[in-house]
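Remarks on the structure that follows.
Numbering (full-length UniProt numbering), first residue to last: 1 to 153.
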């Protein structure tokens with residue numbers, strides 16, 4: 001189980017290697033994604049808080065990257081944070097996400113990206129519930145909710 005100290009270490013010293021890598025040109029990403037998906041995942045945008053029904057969806061299943069389909073989160077790790085974005089306590093696998101120090105807007109945060117295709121997903125914060133204490137605050141537009149664990153695309 002990842003904790004804040006490990007997340008900080010990964011964001012500053014380097015990420016775990018991904019299971020696979022998906023690379024596409026900017027033109028290919030634009031053709032595949034909606035304008036909103038592209039702006040958030042490829043240009044590091046943020047959707048409006050409370051703009052997605054995924055915030056209040058708590059049924060079993062998995063969440064995958066909207067860009068490459070890589071499995072990122074299990075719904076059993078999802079919780080109501082009150083932040084306006086879907087929140088999770090842990091990724092599905094330790095190498096599912098990449099972490100980067102984000103010093104934009106005059107503050108320090110840790111950005112989370114899909115470790116397979118480098119899609120911007122959101123940020124992780126050290127104010128989540130036990131036992132990890134982590135809150136993965138994700139853009140719903142960057143995620144695809146899968147109905148069950150058997151469906152991986």
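Note that CB positions come from ideal geometry on N, CA and C, so glycine has one too.
Cross-strand partners of residue i (DSSP beta bridge)
{"i": "residue 107", "result": "Answer is none; residue 107 lacks a bridge partner."}
{"i": "residue 97", "result": "114"}
{"i": "residue 137", "result": "87 and 123"}
{"i": "residue 63", "result": "73 and 145"}
{"i": "residue 102", "result": "109"}
Collapsed DSSP secondary structure at residue i in the structure displayed
{"i": "residue 76", "result": "helix"}
{"i": "residue 144", "result": "strand"}
{"i": "residue 87", "result": "strand"}
{"i": "residue 20", "result": "coil"}
{"i": "residue 49", "result": "coil"}
{"i": "residue 3", "result": "coil"}
{"i": "residue 68", "result": "coil"}
{"i": "residue 33", "result": "coil"}
{"i": "residue 25", "result": "coil"}
Rounded Cβ spacing between residue i and residue j (contact assumed at less than 8 Å)
{"i": "residue 99", "j": "residue 11", "result": "4 Å"}
{"i": "residue 141", "j": "residue 124", "result": "So it is not a contact: roughly 18 Å between Cβ atoms."}
{"i": "residue 146", "j": "residue 66", "result": "The Cβ separation is near 11 Å, so there is no contact."}
{"i": "residue 20", "j": "residue 29", "result": "Between residue 29 and residue 20 the Cβ distance is about 17 Å, and since that is not below 8 Å, they are no contact."}
Check whether residue i and residue j have beta carbons under 8 Å apart
{"i": "residue 157", "j": "residue 132", "result": "The requested residue 157 does not occur in the structure, where the chain is confined to residues 1 to 153."}
{"i": "residue 75", "j": "residue 58", "result": "yes"}
{"i": "residue 139", "j": "residue 122", "result": "yes"}
{"i": "residue 4", "j": "residue 134", "result": "yes"}
Closer than 7 Å: residue i CB and nearest the ligand NAP heavy atom
{"i": "residue 21", "result": "The model depicted lacks the ligand NAP and carries no ligand whatsoever."}
Minimum Cβ-Cβ distance from residue i to chain C less than 8 Å
{"i": "residue 23", "result": "Absent here is chain C; the protein component of the structure consists of one chain."}
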